[in-house]
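Heads up: the sequence shown runs through residues 1 to 943, numbered per full-length UniProt numbering.
Data first, discussion second: the structure below is written as structure tokens.
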Amino acid sequence: MYEPELAMEIPRFAEEPASDQPRARKRHRCDEARPVCGACSSRGELCSFPSNEFAPPSRGQNPQDGPGRQHLQPSLQPLTTNGTRVTNTPQLSPHSHLDMDNLKLIQYFHLHTAKQMTMHARRGQIWQRVIPDIALKSPYLTHLLLALGGIHMLTRRSKHDELDMVDMQIIMDHHQNGLRGFLEAVPHISTTNAEMIYTGSLLLVAFILASLQIHELNPPITSGASPFMDGMLQSQRPQVCHVLKFHWLHLIRGVSTVVHDQWPALKAGRLRQMVLYMHGDEYWKDLPFPSMPTFSRHPPRLQNFAHGCSQAITGLRAFLVEIQASTDGVPNHVVSTTSPLSTTPSDGNPDDLAETIDVLEAVYSRVISVLQCSATEQFSQNDSDLQIDFEEAAVLSWPVLIPSNFITSLEAMEEIDILQGYLLTILAHFYLIDTLVDFWMLSLVTLSSLIVLVLVIYAFGNVIYNLWFHPLRHYPGSKFDTATRLPYTFHVLRGTITQRTKRQHEKYGHVVRISPNVLSYTCSEAWNDDNISDIYGLRQSSMRGNLPKDPKYYLRGEKHGTNISNANDQDHRRLRRVQAHAFSEKALSLQEVYVQKYVGLFISRLGDEINSTRKGVINAVRWFNYLTTDIIGELAFGESFGGLEKNEMHVWLENLFWSLKTFAFFRELSRYPRGISDAIIAFMIPKSHLVHQRHAIEFGAEQAQKRLKRGTDRADFMSYILRHNDEHGMSDYEIAGSSITFIIAGSETTATVMSGLTYLLLKNPRTLHKATSIIRSDFPDSTAMTFIKLQKHEYINAVLSEALRLYPPAADSLFRVVPAGGGIVAGQFVPPDTSVTVNLLAAFRSPLNFKRPDEFIPERWLKNCPPEFESDKRCVFQPFSIGARNCLGKNLAWAEMRMILSNLLWHYNFEELMPDSINWIEKQKIYMLWEKPELNIRISKRR
């Protein structure tokens, strides 16, 4: 039995050395450990940095020191690993119990880690009090806090102590679980959770900066000609954790533009000390920023800092020369997009680093200019105050502009002094973002290359996560499809995703992971087993039945967006209560007269058509659309669209049906960044079509308003809605939106089934002959065909059921999402926020559910069916869905289809398919609904 509340069982971490134990680690000079200074080396003096690297730096007792400014020397060092995975840390839930080892980690964070995160007194209080308080209220933040405390504990080991791979992997598991929750939280950022997400960003940044200095966890694979080559060789190996390191960095920097909108809320919250630049002025924004200015009349610390920056730039340019020399003669395909040095997908030339160094030089210039405006720089003589000024902005920002080139160089280097020098590079970029410089002042070329780089690295890291760390990784599915959503999107845009899903089920079975976070089912347990459905049926328990609709697949418009299809559970109950009266048995009996009227007109107009010059050839798709739209127009708006009379489709309907394809594109592309989705939509969809789509929705709303003004004088849908509407009912906008849904659901789906059935009958002459004979023998006169009589006709129902099985009108998947706490589907636990679905086409044509699944055999549905089909899982067949959200108009749809089919077979002979309609179903694409080409058939009047 599944137990949702698991206490975490984690081995203890290695004991830290005693405080009085001498450290074997090499002590670094101050300009190495704290490159912001650089004072000693610039003056040629010996370093006076204290021997105890954890002790606070010396401080002069100058009365002009900033008020209340206490200093602690930060010494946090973080981690990366390419070790073998040896444990699996379960995720925390809000009710999980923290075991003793985790409580010790939290205590260690309070007593040691938090105190060394900052030299700023007030920020120190935030790290010790506020951040733990926020983190312990969220499972993913708790994981991140445990990871940071654990990595700090590991970095304090003796140089001669071996690194415990178990402890290391536990830390990595905490970090991955925290990162997973962070990924899920960021898309939903708002003023209510901005504080938590910003806390997560701080914990992630701290972890990454620590991880850059643990070399023994990421040794070179081979001895290359240079550090660059060693780093490049490593990037080509399938080392999961090594690659994820890039994923973390670029994930964090990729979200900064989202958080930027929440700065006002953060400045008013408990973390305000982390987002305020307390000791500087704002007029720096008006200063010019020449390239690497030199200062001769400024305080010595600023001159030393500028000199150190100049040296860092010079060192980076020398490093660039080494890279260029190392790659001479290396084939282009070796330096590929998988190498972190690549800045564009098409060009992996290391010369791109030169542009990045130019950008960095401009960044340093801005930093130096800002420090000129610092109140501390003008009034304080304490060296540590300059460090605090630098930290003021560094902790604000996420590394949005850290190029992977510099991260590559950090990992490739083996000398700690070079690493410490490059950490200044990272801090300079921290200092830049959101606080001290306008992001859009970067040149367009540099900005575009950075954006491409972010996308490439993020996508690559996401692939690694989806394949090896995703909670759905154990479900079967194609590696290509489970690694990224791009293949799924590609087939959605091509209109082949439903057919592709069917093929995947044929290969992998009842359950398939069709994209990184989506599971598709075809088994009866997921759909309908003994009237119990784990996904769609009535709620059976906290983890089974009536899962909520996945909002990512049911988009809403600005005004008329809320309808019975995309409403949440509460709104759905309200809308269904009002609309259900229009589809009751009583309403259906009153609506029969309208259906018979237009079916009679349909039969008559077909006679006129076959007498034309086409010699009995008709486009069945178009005529079925005329009929069904006229019927639903009469029932929804109180007047038909005139398709049968005029032999043409109303322009509004043309636009409306085409907009379904546009909506399918929007629904899928909305998952991607706005700029990318807009570009693809602009490329694939002409603006004129978007205008037609908007006009179609507006026209539908206008027609609904016109019908509302006429009151309850007719027995159509609106009359029932108006009679039963009250203050808790439907608004005018909702009525308009529902009217558009009525038109699509009540016309296109019925026309689709009738078109598919016509094709299947002509492809199976024996069944066509049998159905025609039965109809004509059971009904001597067509006027005897009524809803009640046809409802009881077994063979008509069998023929229609078989058509619905082979050619379901809504063949696409019906997506639901697993709520918080997870769910049970087909006997297996499914993690929360997983999209689950039953693909109708795959389920109805599965050999695991039906014998001879691709053959048109209506006899399988008869009460006394052939023995071969007795084992068919009929409970899987639910073309109108099941549960509280099943199709409201299914009784009307069945009645219409029976009436149309019986009248057609009674009055006309179906003779043959035209050559251009051979394989009519097989060549169709699906954009939510089938994209039907012309179905040209030859018919003749009954003699």
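We put the beta carbon where it would ideally sit given N, CA and C, even for glycine.
In this structure Leu761 is not in contact with Ala751, their Cβ atoms being roughly 16 Å apart against a cut-off of 8 Å. Within the DSSP secondary-structure output, Asn909 pairs in a beta bridge with Ser940. Assignment of alpha helix (DSSP H) within the segment 614-643, counting only whole runs of 4 or more residues, yields 620-637 in chain order. For Gln828, the enclosing beta strand (DSSP E) starts and ends at 828-830. CA-CA distance, Leu660 to Glu931, rounds to 10 Å.
Using a C-beta cut-off of 8 Å, the segment 895-908 makes contact with the segment 773-786, since at least three inter-stretch Cβ pairs fall below that distance. In the structure shown, Ser190 falls within a coil segment according to DSSP collapsed to helix, strand and coil. Distances from the alpha-carbon of Ser739 to those of Ile926, Arg539, Arg707 put Arg707 closest. Boundaries of the beta strand (DSSP E) around Thr837: 835-839.
Short of 8 Å from the beta carbon of Ser871, and not among the five residues preceding or following it, lie these beta carbons of its own chain, in chain order: Lys851. In the DSSP assignment, Arg494 falls within the alpha helix (DSSP H) that extends over 486-494. Here Val817 carries a strand assignment [DSSP, helix/strand/coil]. Annotation for Tyr553: Arg667, Phe815 place their beta carbon closer than 7 Å to its own, counting only its chain and skipping 5 residues before and after. Distances from the CA of Ser719 to each of Gly638, Arg500, Arg503, His491 were compared; the closest alpha carbon is that of Gly638.
Of the candidates Ile857, Pro516, Trp906, the residue whose Cα lies closest to the Cα of Pro780 is Trp906.
Where Tyr521 is concerned, the enclosing beta strand (DSSP E) starts and stops at 518-521. For Trp930, the pairing in a beta bridge is given by DSSP as Ile926. Here Met100 is exposed. Its C-beta has fewer than 16 other C-beta atoms within 10 Å.
Taking 8 Å as the cut-off, the beta carbon of Ile681 is found no closer than this to the beta carbon of Ala704. Of the residues Phe207, Ser138, Met153, the one whose Cα lies closest to the Cα of Ala194 is Ser138.
The Cβ-Cβ distance between Asn619 and Met649 does not fall below 8 Å. Looking at Leu183, Tyr140, Thr496, the one whose alpha-carbon comes closest to that of Lys925 is Thr496. Taking one beta carbon from each stretch, the segment 573-581 and the segment 593-606 have fewer than 3 pairs nearer than 8 Å; the two do not touch. 8 Å or more divides the Cβ of Leu806 from the Cβ of Phe880. With fewer than 16 other beta carbons inside 10 angstroms of its own, Thr783 counts as exposed. Three or more pairs of CB atoms, one per stretch, sit closer than 8 Å, so the segment 129-147 contacts the segment 174-190. Taken in chain order, the unbroken stretches of alpha helix (DSSP H) that lie wholly in the segment 835-906 and span 4 residues or more are 840-844. Per DSSP, reduced to three states, the secondary structure at Gly737 is helical. In this structure, Ala811 is the residue among Trp652, Ala811, Tyr795, Lys104 with its C-alpha nearest to the C-alpha of Ile921.
If the five residues before and after Glu934 are omitted, its C-beta is found closer than 8 Å to the C-beta atoms of Asn619, Val621, Arg622, Asp916, Ser917, all from its own chain and listed in chain order. In the DSSP annotation of this structure, Gly124 is not part of any beta strand (DSSP E); the continuous alpha helix (DSSP H) holding it starts and ends at 121-125. Distances from the alpha-carbon of Cys523 to those of Pro516, Lys873, Asn725, Arg500 put Lys873 closest.
The count of Cβ pairs closer than 8 Å, one atom from the segment 888-899 and one from the segment 792-805, reaches three, so the stretches are in contact. When DSSP states are grouped into helix, strand and coil, Arg710 belongs to the coil group. DSSP places Lys549 within a strand segment (E or B) once states are collapsed to three. For Ser773, the enclosing alpha helix (DSSP H) stretches over residues 765-778.
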